[in-house]
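Trainee: If you read the sequences in order, they're chains A and B.
To convert, note that position 84 of the first sequence is 84 in our numbering; the numbers rise steadily by one, no gaps.
To convert, note that position 184 of the second sequence is 184 in our numbering; the numbers rise steadily by one, no gaps.
There are 2 protein chains.
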Amino acid sequence: MRIALLGGTGDIGRGLALRWAYDTDHEVVIGSRDPERAREKADEYETELDRRGVDAAVAGRENAAAVDGADVVVLAVPAYHLVETVETVAGELDRGTVLVSPAVGMKRDADGVHYNPPAAGSVTRLAADAAPDGVPVVGAFHNLAADRLANLDAALDVDTLVVGDDADAVERVTALAEGIEGLRALSAGPIANAPEVEALTPLLLNVAANNRDHHRVGVRFR
Amino acid sequence: MRIALLGGTGDIGRGLALRWAYDTDHEVVIGSRDPERAREKADEYETELDRRGVDAAVAGRENAAAVDGADVVVLAVPAYHLVETVETVAGELDRGTVLVSPAVGMKRDADGVHYNPPAAGSVTRLAADAAPDGVPVVGAFHNLAADRLANLDAALDVDTLVVGDDADAVERVTALAEGIEGLRALSAGPIANAPEVEALTPLLLNVAANNRDHHRVGVRFR
Chain A
1 MRIALLGGTG
11 DIGRGLALRW
21 AYDTDHEVVI
31 GSRDPERARE
41 KADEYETELD
51 RRGVDAAVAG
61 RENAAAVDGA
71 DVVVLAVPAY
81 HLVETVETVA
91 GELDRGTVLV
101 SPAVGMKRDA
111 DGVHYNPPAA
121 GSVTRLAADA
131 APDGVPVVGA
141 FHNLAADRLA
151 NLDAALDVDT
161 LVVGDDADAV
171 ERVTALAEGI
181 EGLRALSAGP
191 IANAPEVEAL
201 TPLLLNVAAN
211 NRDHHRVGVR
221 FR
Chain B
1 MRIALLGGTG
11 DIGRGLALRW
21 AYDTDHEVVI
31 GSRDPERARE
41 KADEYETELD
51 RRGVDAAVAG
61 RENAAAVDGA
71 DVVVLAVPAY
81 HLVETVETVA
91 GELDRGTVLV
101 SPAVGMKRDA
111 DGVHYNPPAA
121 GSVTRLAADA
131 APDGVPVVGA
141 FHNLAADRLA
151 NLDAALDVDT
161 LVVGDDADAV
171 ERVTALAEGI
181 EGLRALSAGP
191 IANAPEVEAL
201 TPLLLNVAAN
211 NRDHHRVGVR
221 FR
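1) Any chance you could list the beta strand (DSSP E) runs of at least 3 consecutive residues sitting entirely within the region 69 to 115 of chain A, in chain order?
2) Rank B:19, B:13, B:8 by C-alpha distance to the C-alpha of residue 180 of chain B and give the top, closest one.
3) Below 9 Å on C-beta distance, what does residue 220 of chain B contact in chain A?
4) Quick one: what's residue 162 of chain B bridged to in DSSP?
5) Could you work out which residue in A:78, A:101, A:135, A:130 is closest to residue 95 of chain A when comparing CA atoms only?
6) Are residue 35 of chain B and residue 61 of chain B closer than 8 Å when you measure CB to CB?
7) Measure the C-alpha to C-alpha separation of residue 112 of chain A and residue 139 of chain B and round it to an integer number of angstroms.
8) Name, going along the chain, the residues of the region 193 to 220 of chain B whose beta-carbon falls closer than 8 Å to a beta-carbon of chain A.
9) Here's the rule: buried if 16 or more other CB atoms are within 10 angstroms of the residue's CB, otherwise exposed. What is residue 119 of chain B?
10) Give the list of continuous alpha helix (DSSP H) stretches no shorter than 4 residues that lie fully inside the region 1 to 75 of chain A.
11) Could you have a look at residue 170 of chain A and say whether DSSP puts it in helix, strand or coil?
12) Is it buried or exposed, residue 201 of chain A, if we count other Cβ atoms within 10 angstroms and call 16 or more buried?
13) List the DSSP bridge partners of residue 221 of chain A.
14) Using the Cα positions of residue 129 of chain B and residue 204 of chain A, report the straight-line distance between them to the nearest angstrom.
15) Find the residues of chain B that neighbour residue 187 of chain A, judging by a C-beta separation of less than 7 Å, and give them in chain order.
16) What residues in the region 104 to 120 of chain A have a beta carbon less than 9 Å from any beta carbon of chain B?
17) Taking 6 Å as the limit between beta carbons, can you name the residues of its chain near residue 193 of chain A, skipping five residues before and five after?
18) Any Cβ of chain B within less than 8 Å of the Cβ of residue 158 of chain A?
19) If you reduce the DSSP assignment to three classes, tell me which class residue 123 of chain B lands in.
20) What does the alpha-carbon distance come out to for the pair residue 247 of chain B and residue 97 of chain A?
21) Which residues in the same chain have their Cβ closer than 7 Å to the Cβ of residue 209 of chain A, if we skip the five residues on either side of it in sequence?
22) Buried or exposed for residue 168 of chain B, please, with buried defined as at least 16 other CB atoms from any protein chain shown within 10 angstroms of its CB.
23) Any beta carbon of chain A sitting closer than 8 Å to that of residue 190 of chain B?
24) Drop a sphere of 10 angstroms on the beta-carbon of residue 91 of chain B, count the other beta-carbons inside from all chains shown, and report buried for 16 or more, exposed for fewer.
25) For residue 40 of chain B, I'd like the list of residues in its chain whose CB is within less than 6 Å of its CB, leaving aside the five on either flank, ordered along the chain.
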């Protein structure tokens, strides 16, 4: 499968790119508004994979070019860039492409980090509203600590929650997630249930901030 | 320590009463608006404990009488009865008593269960606002499946999150929680962070509804 990681130069994009390239045979393409930066990061990931004995080709392209021919497009951009990013690549998306939304709206104050959803109700809903008709959107990968994900020496042994209204798209993303070693995907139902999924991310940050030895904490449902 | 469980005749109250009576030496008092019902349930719990070889005295009283002399008062009542319950027992509370709020506001629709906080921002904040001055409130035990908790044959191996603004009160509730075998308490910070903690409960219900073998699901942070 070909996976385009828009915002693949950022923290969560880096982690997903490395894990998929390391653990699976999927083809990974890094997308960025700046194609130079995309190629730079792709080279950097290739070097790290090579150092670990994995000969994987990671491409780096401008966002719209990265999306062309991708089976799955992960919107690994901050929530406030999401709609603009989807609009930029809309011409390259078709009904065979699944969009994945891992972003969360949060605000930080003196007490901690709080869930701050957009007016649409959730970032996943925002992505679904921005997507061209017929292109399914799935929310996933919201609650993974980026630096733990990007550290291939770190065991995951955590869950990610998947929400979506299109059963085939949910199935595809679930399989993608479970291709990553130590990651289990659980369904939280339709996109209407995304707010509680996204709210888990600030909770994890608050748990990390208030307990020793939980700096890159994840969650397992049991 | 003496623990009063107001609403101790309900699901979560039953679970906490049985676990504390079974796993610890704490004195458990069941509170209800109806003292007859409180005594009936207390007898029922005593019988179950006796059947398991534990000779624990569980008292059952009207709410205000249950609170008298308690070190910790757990408000195991539905969110919409919370303020009324605190007001009923306010005269018996003093600065040495810690109030514990495990309730969550939720609404269910065709898609799943959603977090539905009161205007105060969270149920824990509602309890804090209703409590007499100087009586500390701690949020905890929101995310435990009631029937798993009440089944002493079921292993817990899950976490509960604790929020509070009074460090001593948080410490007392943390110790109480960890007296229950298989239960670990983690801090999520001050009461301002309660919404994300309470929102975990509808998420758990959605995970339970959308995955096989997760009917009484809890969570472990790792």
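The beta carbon of each residue, even a glycine, is placed where N, CA and C say it ideally should be.
Since we're looking at a predicted model, the values are computed, not measured.
Mentor: Inspection of the coordinates gives the following:
1) 72 to 75, 98 to 101, 106 to 108, 113 to 115
2) Comparing Cα positions, the closest option is B:19.
3) 219, 220, 221, 222
4) B:187
5) A:135
6) yes
7) 16 Å
8) 193, 195, 196, 197, 199, 200, 202, 203, 204, 206, 207, 209, 210, 211, 214, 217, 218, 219, 220
9) exposed
10) As for any alpha helix (DSSP H) of minimum length 4 sitting wholly inside the region 1 to 75 of chain A, the runs are 11 to 23, 35 to 51, 63 to 67, ordered along the chain.
11) helix
12) Flag for residue 201 of chain A reads buried.
13) B:219
14) 26 Å
15) 210, 211
16) 109, 110, 111, 112, 113, 114, 115
17) Cβ within range, chain order: 163.
18) yes
19) helix
20) Given that chain B is displayed from residue 1 to residue 222, the structure contains no residue 247 of chain B and the question cannot be resolved.
21) 112
22) exposed
23) At a cut-off of 8 Å between beta carbons, residue 190 of chain B contacts chain A.
24) exposed
25) Excluding residues up to 5 positions away in sequence, nothing lies with its Cβ nearer than 6 Å to the Cβ of residue 40 of chain B in the same chain.
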